[in-house]
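The sequence shown begins at 211 in the working numbering and counts up by one. In this text, a Cβ means the ideal position worked out from N, Cα and C, and glycines have one as well. Values in this document were obtained by computation on a predicted structure and should not be read as measured data.
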Amino acid sequence: MTGRRPRLGWYVHHHGRGHLTRLLAIAPHLDADVDCVSTLAAPPGLPAGWSWTVLGRDDDGADPVDPTVDGLLHWAPIGHAGHRTRLSVIAAAAVAGRWDGMVVDTSVEVTLFARLLGLRTVVVTQPGNRVDRPHLLGFAAADAVLAPWARGILSPPHLEALGEKVVYTGGISRFAGRDTAGVRTDGVVLLAGGGGAAVGPAAIRDAEKATGRTWRVLGGDAWADDPWPALLSAGVVVSWAGQNAVADLAAARAPAVVVPQERPFDEQRETGRALHRAGLAQVRDDWPAAAQWPDLIDRAASARPEWERWEVAGAPQRAATAIADTMRGRR
Numbered sequence: 211m212t213g214r215r216p217r218l219g220w221y222v223h224h225h226g227r228g229h230l231t232r233l234l235a236i237a238p239h240l241d242a243d244v245d246c247v248s249t250l251a252a253p254p255g256l257p258a259g260w261s262w263t264v265l266g267r268d269d270d271g272a273d274p275v276d277p278t279v280d281g282l283l284h285w286a287p288i289g290h291a292g293h294r295t296r297l298s299v300i301a302a303a304a305v306a307g308r309w310d311g312m313v314v315d316t317s318v319e320v321t322l323f324a325r326l327l328g329l330r331t332v333v334v335t336q337p338g339n340r341v342d343r344p345h346l347l348g349f350a351a352a353d354a355v356l357a358p359w360a361r362g363i364l365s366p367p368h369l370e371a372l373g374e375k376v377v378y379t380g381g382i383s384r385f386a387g388r389d390t391a392g393v394r395t396d397g398v399v400l401l402a403g404g405g406g407a408a409v410g411p412a413a414i415r416d417a418e419k420a421t422g423r424t425w426r427v428l429g430g431d432a433w434a435d436d437p438w439p440a441l442l443s444a445g446v447v448v449s450w451a452g453q454n455a456v457a458d459l460a461a462a463r464a465p466a467v468v469v470p471q472e473r474p475f476d477e478q479r480e481t482g483r484a485l486h487r488a489g490l491a492q493v494r495d496d497w498p499a500a501a502q503w504p505d506l507i508d509r510a511a512s513a514r515p516e517w518e519r520w521e522v523a524g525a526p527q528r529a530a531t532a533i534a535d536t537m538r539g540r541r
């Protein structure tokens, strides 16, 4: 492809809000026209010239038949009309749009399908123990792998053999570049995300009572489209260990307590261990007992974490550059 603006597809996984949030953080910096495909509904704020196609579900109905192909893939159920239709829609869009390539965030099956269509393929990876056959197959098929964290702080084993195919962008936050001036109070913000958690309202109320501080919950049923002011004013932010949440903590330079939640392939557990080793947050494997919270919050509030090590500044631009370079055959 020479002499024209690239056009590409972008697959957005529907679990939680992190994959969509990452797309919207990168979008303003990407020199390309993009056709997005996802089970999620189209969000507001897409750049001019971008499109959004809603895919049907492939995880509903009766018990799936041989969805892993005897361990070769993660999800390719035999005879499921939704699964077949999703792939046919992607193929039709690639032909109609004359795509130069595809960004996949994230799916082994869509990665392989994009490469079989002859598309240059960029995969967004996640932390965790992703050395199973499907993941290794997907990484091998990709032209580039984006790792949205800082090189050296988080080094999952599945990236070791990929060499220069991996682009460590730093933490991709939608708040990168925003003004961080503000005055921190003694309040606590719980940044709960949209991917689910094992912590219930009663446990949160007990923690609030034990600390004697006011807690504000952001996420889940109390979702906030723009938590930035709360992240800047909180004395301490309590957060899960999702990639977007950690990047937002770094962007706000927030004193933090991080409690990883159960996710596939120990994604958040590995991130939590990396944050602990780097001294960037107080990390606990499980939700602490009420009596443990006062000391934990006090220690977090007095810490001065070197969040610049997570390399949030410029991360969306680095991701956009890597994508555009891949589509132009420069990687």
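Q: Could you tell me whether the Cβ atoms of residue 408 and residue 472 are closer together than 8 Å?
A: yes
**Q.** Simplified DSSP state of residue 426, which is helix, strand or coil
**A.** Correct three-state label for residue 426: strand.
(Q) Below 8 Å, how does it come out for the segment 417-425 and the segment 351-359: are there three or more Cβ pairs, yes or no? (A) no
Q: Check whether the Cβ atoms of residue 380 and residue 525 lie closer than 8 Å to each other.
A: yes
Q: Can you grab the Cα-Cα spacing for the pair residue 301 / residue 537, in whole Å?
A: 18 Å
Q) What do you reckon, are the CB atoms on residue 248 and residue 284 nearer than 8 Å? A) Result no, Cβ atoms of residue 248 and residue 284 do not sit closer than 8 Å.
Q | Assigned exposure category for residue 241 - 16 Cβ within 10 Å defines buried | A | exposed
Q: Quick one: using the 10 Å Cβ neighbour count with 16 as the cut-off for buried, is residue 355 buried or exposed?
A: The residue is buried, with at least 16 neighbouring Cβ atoms inside 10 Å.
(Q) Quick check: what's the CA-CA separation for residue 495 versus residue 478? (A) 10 Å
Q: Find the nearest neighbour of residue 266 within the set 287, 217 and 292, judged by alpha-carbon distance.
A: 292
Q.
Give me the DSSP bridge partner(s) of residue 219.
A. 245 and 312
Q: Count the other CB atoms, across all protein chains shown, that sit within 10 Å of the CB of residue 388; report buried if there are 16 or more and exposed otherwise.
A: Around the beta carbon of residue 388, fewer than 16 other beta carbons lie within 10 angstroms, which makes this residue exposed.
Q) What is the residue span of the alpha helix (DSSP H) that residue 438 lies within? A) 438-443
**Q.** According to DSSP, residues forming a beta bridge with residue 588
**A.** Any question about residue 588 goes unanswered here, given that the chain covers just 211 to 541.
Q. Between the C-alpha atoms of residue 390 and residue 456, what's the straight-line distance to the nearest angstrom?
A. Straight-line spacing of the CA atoms in residue 390 and residue 456 works out to 16 Å.
Q: In angstroms with no decimal places, state the Cα-to-Cα distance between residue 519 and residue 463.
A: Between residue 519 and residue 463, the alpha-carbon positions lie close to 11 Å from each other.
Q.
Within the continuous alpha helix (DSSP H) that includes residue 503, where are the two ends?
A. 503-512
Q. Quick one, are the C-beta atoms of residue 331 and residue 357 less than 8 Å apart?
A. no
Q: Would you tell me roughly how many angstroms separate the C-alpha atoms of residue 460 and residue 413, rounded to the nearest one?
A: Taking the straight line joining both Cα atoms gives about 26 Å.
Q: Output yes or no for whether 8 Å exceeds the beta carbon distance between residue 360 and residue 394.
A: no
**Q.** Delimiting residues of the alpha helix (DSSP H) encompassing residue 298
**A.** For residue 298, the enclosing alpha helix (DSSP H) begins and ends at 291-307.
Q.
Suppose the cutoff is 6 Å on Cβ atoms and the five residues either side in sequence are ignored; what does the same chain contact list for residue 549 look like?
A. Given a span of 211 to 541 for the chain in the structure shown, any question on residue 549 remains unanswerable.
Q) When you compare only the Cα positions, how much space is there between residue 377 and residue 289? A) 37 Å
Q: With a threshold of 16 other CB atoms inside 10 Å of the CB of residue 484, please say whether the residue is buried or exposed.
A: buried
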